[in-house]
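First residue of the sequence shown? That's 1 in full-length UniProt numbering, and the numbers climb one at a time after it. Step one of this worksheet: look at the structure below.
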Amino acid sequence: MGSSPCCEKAHTNKGAWTKEEDEKLTSYIKAHGEGCWRSLPKAAGLLRCGKSCRLRWINYLRPDVKRGNFTAAEDELIIKLHGLLGNKYIRDHLLLLFL
């Protein structure tokens, strides 16, 4: 059967992240590294599940996350790859090109 979903635990925040939560997560990861996401929230003093912390870090807080529009060079590359490889490849792998 497996374990229950991580965010159904009592006393776990759901919804939008606060600036304070972002700061706690960022400072903890800078000091200790990513490590075990399941135990990270408690160690960092967060009332979030490990999955939520991992997704917040990966998608929003990592220093190397690129924000904003594609550059002209990136647009050209996307168009060129689309011409070579078609829609399916672009849909499935475009984000991997920029990670």
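By construction, the Cβ of each residue, glycine as well, lies at the ideal position given by its N, Cα and C atoms.
In this structure, the CA atom of K24 is about 11 Å from the CA atom of L40. Residue state for A72 is assigned as helix, using DSSP reduced to three classes. For Y60, no alpha helix (DSSP H) encloses it, and the DSSP letter there is neither H nor E. According to the DSSP assignment, T26 belongs to the alpha helix (DSSP H) that extends over K19 to H32. Excluding sequence positions up to five before and after T12, its CB lies within less than 7 Å of the CB of L47, R48 and C49, all in the same chain and listed in chain order.
Counting only the Cα atoms, C36 lies some 39 Å from I79. Membership of A43 in the alpha helix (DSSP H) is indicated by the continuous run L40 to A44. A distance below 7 Å between beta-carbons, with the five flanking residues on each side excluded, links R38 to the following residues of its chain, in chain order: G50. In this structure, the alpha-carbon of L77 lies about 20 Å from that of D64.
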